[in-house]
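Residue numbers (the working numbering): -14 to 546.
Every residue, glycine too, gets a C-beta built ideally from N, C-alpha and C.
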């Protein structure tokens, strides 16, 4: 073809890319033009993702025949070769044809037929005839000398021709380009028709059904299979760029084209599908009253609220009975009301987070729980003081009364109030969206503002529980009827166990399940206090009223003493 080499190179690249021939061999004659072609064409191939498995500059004669054969056999993966031809070395094309036929490489890889280049020789003789006719010269000695014919000189320039000859040559540009296109078409036709007619009929039927492009039946000339959607190319060290591995896109990334160089990240509100080739909108989720987990927790909370109200009603109705009066009746009321509010605070955690619920839930939970634990601690201390007051000469009796119990509750709770209001004032909680903890969900939650303040408040409540458990454990064997120390010991054991298991569970869960863990811990620990301290008393009050008498109380004291 006549156009400039730069345009030809780009045309060849487009042709190779169209047929997905990305692993090729380059051949050129050992001339200045051949060397320049190899030097300039290789970078163009590399820029377009095409690898030249080898670039061979050689004298195409019988001496190099064995070397070329070994090259072709060594690069057996290559099905497409690009040969740089010149008019002065047009015989070399016939030599290339001999080499390719010698290797007998099947065109499609599925037949036993050798390669066929039926139109190659016609193209060669066409060009040769054109040279002889225009330049009146030949590259070989004719059998019969013809007057006026000379041997062609490689450096013969167009400028030495008459102007009309030059115009005639340039006017043939489109004709020669058309011939080149026809030669490519003939070559592709030979490749497609190398199988039997029966196979072709099957292939045509398959093409109609599957809508496969005709060029997909042509020879395969790639170093590796193309990376499909959802994968990207990873260059292998020491190998050509087109001999790459395919790696799946990382979590949250996709690729939407074959042989992608990299994967693109999905937006924050979307996630990748299973094939990693499409981003899908995430679902918005939170601990709702309507889902199974929310329904279970809500039902559990309602049951405990009704149970607490029932117990409180029993204590109010039977407030003058010995068992109620003997165990600090006022402290029992404070504790029951605190537990009732604790169960109610669980509803602040269930449902879509709002600004108000985010501000209140941790503050209310920590303060009310501290009051409940402080009440249990006051009960325990009052049991110990009551025992000490029974000893002759002991001055502890003057400390017994409401004032001491109220002082204990207020002093222990005020510390938690200061912590929570400092937290609320400096690091207030606010509604937030968690885009990352769950790959396919946007979790609506409350941002606690400060993780340190959360653990300080929780740690102080744990400190109160530990003190209460220690005092109750030491006083568990004190004599006396309806000794609450034993019941408090069991209740605080349950309470501490729940919150000790809360921390690792809370830290190991994500999204709405973190909220569910805290709600369950609130309900379970409060239920432990309610069940261990008050249920045994309700059993005696309702089912064993014979034990709830002053005589029974005095009799039991005499037996123990």
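Assign residue i to one of two classes, buried (16 or more other C-beta atoms within 10 Å of its C-beta) or exposed (fewer than that).
{"i": "residue 404", "result": "buried"}
{"i": "residue 261", "result": "buried"}
{"i": "residue 355", "result": "buried"}
{"i": "residue 549", "result": "Look at the range of the chain in this structure, -14 to 546, and you will see that residue 549 is not part of it."}
{"i": "residue 529", "result": "exposed"}
{"i": "residue 218", "result": "buried"}
{"i": "residue 326", "result": "buried"}
{"i": "residue 368", "result": "buried"}
{"i": "residue 390", "result": "buried"}
{"i": "residue 128", "result": "In this prediction, residue 128 has a pLDDT of 48, which is less than 50 and means its spatial position is unreliable; what the coordinates show is noted afterwards. Exposed, because fewer than 16 other Cβ atoms sit within 10 Å of the Cβ of residue 128."}
{"i": "residue 547", "result": "In the structure displayed, the chain extends from -14 to 546; residue 547 sits before or after that span and is not available."}
{"i": "residue 244", "result": "buried"}
{"i": "residue 301", "result": "exposed"}
{"i": "residue 288", "result": "exposed"}
{"i": "residue 277", "result": "exposed"}
{"i": "residue 469", "result": "buried"}
For residue i, which option in the options has the closest C-alpha, if you only look at C-alpha atoms?
{"i": "residue 510", "options": "265, 285, 297", "result": "285"}
{"i": "residue 295", "options": "527, -8, 4, 40", "result": "527"}
{"i": "residue 25", "options": "-5, 289, 315", "result": "-5"}
{"i": "residue -7", "options": "67, 36, 15, 4", "result": "67"}
{"i": "residue 423", "options": "237, 274, 462, 209", "result": "237"}
{"i": "residue 264", "options": "244, 479, 240, 274", "result": "240"}
{"i": "residue 483", "options": "470, 513, 501, 457", "result": "513"}
{"i": "residue 334", "options": "496, 518, 521", "result": "496"}
{"i": "residue 4", "options": "206, 27, 11", "result": "206"}
{"i": "residue 491", "options": "476, 507, 478", "result": "507"}
{"i": "residue 259", "options": "268, 453, 235, 276", "result": "235"}
{"i": "residue 337", "options": "209, 402, 500, 2", "result": "500"}
{"i": "residue 453", "options": "430, 275, 478", "result": "478"}
{"i": "residue 65", "options": "350, 504, -3, 436", "result": "-3"}
{"i": "residue 387", "options": "277, 371, 519", "result": "371"}
{"i": "residue 63", "options": "350, 11, 222, 531", "result": "11"}
{"i": "residue 517", "options": "277, 430, 324, 307", "result": "324"}
{"i": "residue 488", "options": "392, 436, 221", "result": "436"}
{"i": "residue 19", "options": "42, 28, 2, 27", "result": "42"}
{"i": "residue 346", "options": "430, 521, 27, 227", "result": "430"}
Measuring straight from C-alpha to C-alpha, what distance separates residue i and residue j?
{"i": "residue 13", "j": "residue 69", "result": "5 Å"}
{"i": "residue 322", "j": "residue 297", "result": "8 Å"}
{"i": "residue 292", "j": "residue 515", "result": "9 Å"}
{"i": "residue 303", "j": "residue 523", "result": "10 Å"}
{"i": "residue 192", "j": "residue 40", "result": "Confidence is the limiting factor: at residue 192 the pLDDT is only 44, short of 50, which leaves the residue's position unreliable and the question unanswerable from this model."}
{"i": "residue 533", "j": "residue 362", "result": "25 Å"}
{"i": "residue -1", "j": "residue 212", "result": "20 Å"}
{"i": "residue 414", "j": "residue 407", "result": "12 Å"}
{"i": "residue 486", "j": "residue 396", "result": "28 Å"}
{"i": "residue 579", "j": "residue 410", "result": "Nothing in the structure corresponds to residue 579, since the chain is present only between -14 and 546."}
{"i": "residue 16", "j": "residue 30", "result": "21 Å"}
{"i": "residue 38", "j": "residue 255", "result": "42 Å"}
{"i": "residue 279", "j": "residue 358", "result": "27 Å"}
{"i": "residue 253", "j": "residue 420", "result": "6 Å"}
{"i": "residue 434", "j": "residue 229", "result": "48 Å"}
{"i": "residue 365", "j": "residue 440", "result": "26 Å"}
{"i": "residue 317", "j": "residue 309", "result": "8 Å"}
{"i": "residue 461", "j": "residue 442", "result": "29 Å"}
{"i": "residue 7", "j": "residue 270", "result": "48 Å"}
{"i": "residue 456", "j": "residue 480", "result": "15 Å"}
{"i": "residue 23", "j": "residue 35", "result": "14 Å"}
{"i": "residue 242", "j": "residue 340", "result": "44 Å"}
{"i": "residue 428", "j": "residue 473", "result": "39 Å"}
{"i": "residue 547", "j": "residue 247", "result": "For residue 547 there is no data in the structure shown, the boundaries of the chain being -14 and 546."}
{"i": "residue 353", "j": "residue 494", "result": "25 Å"}
{"i": "residue 402", "j": "residue 312", "result": "27 Å"}
{"i": "residue 548", "j": "residue 416", "result": "A query on residue 548 cannot be resolved here, the shown segment of the chain reaching from -14 to 546 and no further."}
{"i": "residue 233", "j": "residue 498", "result": "30 Å"}
{"i": "residue 315", "j": "residue 503", "result": "29 Å"}
{"i": "residue 208", "j": "residue 231", "result": "12 Å"}
Provide the residue(s) that pair with residue i in DSSP beta bridges, ordered along the chain.
{"i": "residue 428", "result": "270, 419"}
{"i": "residue 32", "result": "DSSP output for residue 32 lists no bridge partner at all."}
{"i": "residue 396", "result": "For residue 396, which the question treats as bridged, DSSP gives no partner whatsoever."}
{"i": "residue 10", "result": "39, 66"}
{"i": "residue 250", "result": "238"}
{"i": "residue 245", "result": "217"}
{"i": "residue 440", "result": "In the DSSP output, where bridge partners are listed per residue, residue 440 has none listed."}
{"i": "residue 230", "result": "219"}
{"i": "residue 265", "result": "256"}
Enumerate, from N- to C-terminal direction, the unbroken alpha helix (DSSP H) stretches of 4 or more residues contained entirely within the region 292 to 360.
-> If we require 4 residues or more, the alpha helix (DSSP H) runs fully inside the region 292 to 360 come out as 307 to 310, 314 to 334.
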